[in-house]
Structure formats: structure tokens, C-alpha cells
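Let me begin by presenting the structure, written as C-alpha cells, before commenting on it.
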Amino acid sequence: MTDKPHQLRRPLQRRLTSQTRAAAFALSGGMCSFPNCEWSTNPPDPAILEVAHIQGLMPGSPRYNEAASINLDNVIVLCASHHEIVDRHPDRYTTSWLTAARDKHRHEVASRLERGFSPLGPEPAGIENPLSVALHRWSTESDVSSEEHWQQFFARFPVCLAAVLQGRAYELLSKCYVGGKSWNNTGGSVLDFLAIHSTNVACIEIKAPTAPLLGSQYRGNTYLPSRDLLGGWLQVLGSRQTLLQSAAQLNARAEPGARVTITDPQCFLIIGNLIEESFDETQTASFELYRRSLRDVTVVTFDEVFSGLEMLRNAIEGI
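The sequence shown maps to residues 3 to 321 in our numbering.
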């Protein structure tokens, strides 16, 4: 009598029911539950928002727990970018961290609904998509000259930087200290934004859309870059240099899950508004020649940022 060959059985994959998914979306208000994320869809769009497991169900998955449940207590609604980020860094985004973020978000949504407000906050009536909200704000605030205003704007709407960062998933730190005591402590030079990818970072400096791009005319057919453009370029390069010099020291003081991989940081400077400048051919040529000559810094104007954002919004909404 011969023994039958042993067959390996694959573990049965447990899946969320459609009712659980619908309930999770409803409790989240159709919004990403990651703190300060503005992604929302109505009705829920699985291409943008995803119902993620807090404790993994399969061996090898992030935060795996053999006893994990498949009910509402073990799910959180996240946008695709934040879903990728929390699963890439399970030591940083632990079960307790995700549960607390989820519960706080659900409480805020429920509180607003009880008071008769939209869960999306006090934004223009009828506008729910954060891309549309940001574009509306840009249309009414493009003449604001305060750099602090625009730094707060991008902190509120980090999705606006998606086009600048080529759509890569990233974690955004605002007012990040480089060369100081820690990534979030004082004592160093302040960088407006540090975008953390899986294998690198990007340094982002924000000026104002009203900042001039060109200075005085130099001889016949050439214009010099403006003081704001030169200053912003030097500022972001200085932050990059300080970051490279202090990265090892900062990472040594950080918790294992909070360490940042730095290879060759990209630099971005967001400044000015080409539409409002109304350059002639000579001025346009001078500006383009200058920004193309910058090897380590990508200069992007505000109107270019929001043109890319509008294209993204239209693609998502099928306009």
C-alpha cells in the first residue's frame, strides 16, 4: 500500500464582506482616516480610498496577528498613498497608532454629523473633493503674498504636491528641522517641507505666487533672476546640504521606525506665477534658460502646480 502524496494546503484567505466595507466608508465620512489627509470621495471610489486591515490576516502581512478579526474593529479607511505608507512602516504605524487614528477620525465625523455639518469641514458649499477645494482656494487666494499662508495651505492640502513629486507615495513633514536635535525639534535650520519616500527624501521650499521671477534687464536680450528666486534656490540647497551632513546623527537619535533613508535628496522650489508675469519672448527665454540650468533644484511656479492639480482632478472625475 503506497502513501498518497502530501498536498500542501494554502491558508484560506478571509475577506471583508460588502456590508463591512460599506459600514467602514460610512463611519469614515468617505474620507481618509490618516491625520490631516484631505482625500475624500462621494460615493466611495476604491481607486482612491481603500479599506485596510489594521492587524494583518495573512502570515507575513504588516502587523500580522493570527487572531485578527475581519470586522469593523480591525479596519481603517485610507487613501492609496497612506495605505502604502502605513504598510511599509509597520514599526512606526503600529496597531495601537492606527486604531487611535481611526477612532479619533470616526469620532470627529460623527460629531460633525450630529451637529448637522458635512463631515468634510467648513469648505465651500457643494465642493467635497479636496482637489476641487484646493483649486477653489487657489482661484480666490492667488494674490496672497504671505509665505506663511502658502506653507499652511500645502500643509492642509498635501495632495497639491503630488504633481510636483511625480505622484509618488510620500509622507510629508512640515516645518522640519534639519541640523537640529531631531526631525521635529528646534535647534537647526527650518525646511518648509520634507517629503519622505521609501528610499529617499525631497526638500521643498515654498515662496509666494506674488514673488517676482525676474529682476532687471542685463544688456540687450537677457534678464537676471530675481532676488526671491536666487534666495529660494540658495535656501533649499543650504537645507539639503545641512540635511546630508546631519542625517546620520538625527537617525541615530530616532526610534527605529522613525528613521529616514537619505540617498540623494531632490530639491524643489515653488515660487511665482507665470500667468500673472505675462512675460514677453525675451523674458520667457531668460527664465527658462535659468531654471533649466539648475542641476540640483527643480523650480516650479504656482500656476504650474495648480494646472497639474486640475488635470489630476479632471482625470479622476472623468471630465
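All C-beta atoms, glycine included, are put in the ideal place defined by N, C-alpha and C.
Residue j beta carbon less than 9 angstroms from that of residue i
{"i": "W2", "j": "V146", "result": "In the structure as shown, the chain begins at 3 and stops at 321. Residue 2 is therefore absent and cannot be evaluated."}
{"i": "L239", "j": "I264", "result": "no"}
{"i": "L311", "j": "L51", "result": "no"}
{"i": "L216", "j": "F289", "result": "yes"}
{"i": "P160", "j": "N202", "result": "no"}
{"i": "F270", "j": "C205", "result": "yes"}
{"i": "W152", "j": "P61", "result": "no"}
{"i": "A165", "j": "L314", "result": "yes"}
{"i": "E319", "j": "N131", "result": "yes"}
Residues near residue i in its chain [Cβ-Cβ closer than 7 angstroms; skip 5 each side]
{"i": "C39", "result": "C81 and H84"}
{"i": "I92", "result": "With the sequence shown as reference, residue 92 is identified as Pro, and Ile is not the correct amino acid for it. Cβ within range, chain order: P64 and R65."}
{"i": "Q219", "result": "Y225"}
{"i": "A26", "result": "V53, L74, V77 and V79"}
{"i": "Q237", "result": "E207"}
{"i": "C162", "result": "A136, F156, V307 and L311"}
{"i": "T142", "result": "none"}
{"i": "I37", "result": "Looking at the sequence provided, one finds Pro at residue 37 rather than Ile. The answer, listed in chain order, is A103."}
{"i": "D305", "result": "N275, L276 and I277"}
{"i": "D230", "result": "K209, A213, P214 and I273"}
{"i": "T101", "result": "I56"}
As assigned by DSSP and simplified to three states, the class of residue i
{"i": "A127", "result": "Interpretation of A127 is limited by its pLDDT of 47, a score under 50 that renders its predicted location unreliable; no figure is taken from the coordinates."}
{"i": "I72", "result": "coil"}
{"i": "C39", "result": "coil"}
{"i": "I273", "result": "coil"}
{"i": "L236", "result": "helix"}
{"i": "C205", "result": "strand"}
{"i": "P227", "result": "strand"}
{"i": "H55", "result": "strand"}
{"i": "P313", "result": "In the sequence as presented, Pro is not what sits at residue 313; that position holds Met. Reduced to three states, the DSSP call for M313 is helix."}
{"i": "L80", "result": "strand"}
{"i": "T303", "result": "coil"}
{"i": "Y292", "result": "helix"}
{"i": "L215", "result": "coil"}
{"i": "L196", "result": "strand"}
{"i": "N44", "result": "Note that N44 scores 49 on pLDDT, short of 50, meaning its location in the model is unreliable and no value can be drawn from it."}
{"i": "I318", "result": "helix"}
{"i": "G189", "result": "Reliability fails at G189, whose pLDDT of 47 lies under 50, so the model's placement of it is uncertain and the value that follows must be treated cautiously. G189: coil per DSSP, three-state reduction."}
Close Cβ partners of residue i (< 8 angstroms) along its chain, the five nearest in sequence each way excluded
{"i": "S35", "result": "I78, V79, L80, A103, R104, H107 and R108"}
{"i": "P149", "result": "Here residue 149 turns out to be Glu, not Pro, going by the sequence shown. Taken in chain order, the residues that qualify are I208, K209 and A210."}
{"i": "S309", "result": "none"}
6 angstroms Cβ shell around residue i - same chain, five flanking residues per side excluded
{"i": "N186", "result": "Below a pLDDT of 50, predicted positions are generally treated as unreliable, and N186, at 48, falls in that range; no measurement from the model is reported."}
{"i": "P57", "result": "Just to set this straight, residue 57 is Gln in the shown sequence, not Pro. These residues qualify, in order along the chain: R65, N67, A70, N76 and T97."}
{"i": "A54", "result": "I78, L80 and H85"}
{"i": "L29", "result": "R108"}
{"i": "S228", "result": "P214, L215, L216 and G217"}
{"i": "R293", "result": "V301"}
{"i": "R23", "result": "V53"}
{"i": "D89", "result": "P64"}
{"i": "R242", "result": "C205, P267 and C269"}
CB-CB length for residue i against residue j, believed under 8 angstroms
{"i": "S144", "j": "N316", "result": "19 angstroms between Cβ atoms; not a contact."}
{"i": "N223", "j": "T303", "result": "Wrong, their Cβ atoms sit about 22 angstroms apart, outside the cutoff."}
{"i": "I277", "j": "K209", "result": "In fact, because the Cβ distance is near 16 angstroms, the residues do not count as touching under 8 angstroms."}
{"i": "L18", "j": "I72", "result": "6 angstroms"}
{"i": "G31", "j": "V111", "result": "4 angstroms"}
Run through the segment 130-156 for me and flag every whole alpha helix (DSSP H) of 4 or more residues, listed as ranges in chain order. 132-143
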